[in-house]
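A quick write-up on the structure given underneath.
In the working numbering, the protein residues as written are 21 to 336.
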């Protein structure tokens with residue numbers, strides 16, 4: 021048996037409603053946790069008990085230092101310890117976090133997410149490749165908002181290709197803006213989740229944040245900007261070269277995409293697939309590859325990705 025004494029500052033947040041977090045740790049590590057106030061008795065396999073003790077102790081230390089434990093922090097801590105037994109939760113939850121607005125603080129939830137944030141800080145152009153739900157777009161928008169708030173850039177430009185995935189663009193109702201708006205909606209979702217609606221509306225209306233289809237980027241030079249190209253797997257080789265050469269002075273450029281979900285015609289080469297061969301060996305550019313272990317949506321998303329990978333590998 022191992023005893024752990026945790027901080028009483030945020031005991032309810034640490035344990036969770038009706039001890040939800042403790043029950044989650046019991047299921048995940050196959051241990052038994054007996055709680056009496058801030059005192060915990062852990063029993064089970066020694067390695068599992070030690071992992072749970074480290075998670076609870078580190079979260080308790082974070083609480084003592086003033087960090088407000090949020091819903092999902094325990095699950096994040098478990099994911100980090102699974103990936104790195106020696107992971108310092110303080111370095112993830114405080115040192116590596118991004119503050120896009122007064123409304124939100126964003127913490128990396130995996131080793132790859134932390135590397136991604138570090139690359140965005142240290143490189144002017146970063147490529148993030150991996151499946152849905154791994155935080156590629158969300159973290160990029162969070163970083164862009166933090167750069168704008170700190171006045172390190174003058175504007176944010178968010179763009180996506182308006183590629184027809186099963187439906188013809190021409191049959192959608194409305195003018196051109198109305199037709200492409202559904203393709204850009206995920207970018208708006210990230211903005212409104214990361215900052216207050218009134219502030220987001222103000223930034224969008226005064227042009228500090230611009231959301232536009234990729235076709236609108238041609239011929240422009242983007243200085244003093246944080247530029248994000250999302251869904252880049254659906255950008256052609258020619259479009260990718262056009263976009264990358266828009267990069268101006270004092271700008272950050274982030275390109276995200278999932279090369280397993282390409283909707284381009286078969287005769288077209290994905291610019292995201294090609295750019296890896298062209299630029300990945302050059303140290304000026306940052307490349308980060310996510311996998312199913314980085315999925316931070318509903319747990320079923322990770323299960324679905326794994327199931328499709330197994331099915332496709334079995335049928336190939």
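C-beta: ideal position from N, C-alpha, C; glycine also.
Owing to the predicted nature of the structure, the values given are computational and were not obtained by experimental measurement.
| Asked | Found |
| --- | --- |
| Meets three-Cβ-pair contact criterion under 8 Å: the segment 264-279 and the segment 128-146 | yes |
| 7 Å CB neighbourhood of residue 241 in its chain, flanking five on each side removed | 266, 268 |
| For residue 321, the three-state DSSP class (helix, strand or coil) | helix |
| Counted within 10 angstroms of its Cβ, other Cβ atoms place residue 52 as buried (16 or more) or exposed | exposed |
| C-beta atoms of residue 328 and residue 246 nearer than 7 Å | no |
| Anticipated Cβ contact below 8 Å, residue 75 with residue 54, distance rounded | So it is not a contact: roughly 17 Å between Cβ atoms. |
| Cα-Cα separation, residue 177 to residue 58 | 48 Å |
| Endpoints, beta strand (DSSP E) assigned at residue 6 | Any property of residue 6 remains undetermined from this structure, which presents the chain solely from 21 to 336. |
| Alpha helix (DSSP H) segment containing residue 47, residue limits | 40-49 |
| Residue burial classification, residue 140 (beta-carbon count within 10 angstroms, cutoff 16) | buried |
| Proximity to residue 254 [Cα-Cα], best of 153, 331, 288, 229 | 288 |
| Of the residues 304, 333, 89, the one placed nearest residue 126, counting alpha carbons only | 89 |
| For residue 271 and residue 306, the rounded distance between their alpha carbons | 15 Å |
| Enclosing beta strand (DSSP E) for residue 119 [first to last residue] | 118-121 |
| Where residue 295 falls, given that 16 or more other Cβ within 10 Å makes a residue buried | buried |
| Test item: CB-CB of residue 9 and residue 79 under 7 Å | Absent from the model: residue 9. The displayed extent of the chain is 21 to 336, so no value can be given. |
| Whole-angstrom distance between residue 134 and residue 293, CA atom to CA atom | 23 Å |
| Start-to-end residues for the beta strand (DSSP E) that takes in residue 273 | 272-277 |
| Collapsed DSSP secondary structure at residue 125 in the structure displayed | strand |
| Candidates 103, 175, 87, of which the one nearest residue 115 by Cα | 87 |
| Close Cβ partners of residue 314 (< 6 Å) along its chain, the five nearest in sequence each way excluded | 130, 132, 154 |
| Cross-strand partners of residue 229 (DSSP beta bridge) | 176 |
| Length of the line joining the Cα atoms of residue 179 and residue 324 | 28 Å |
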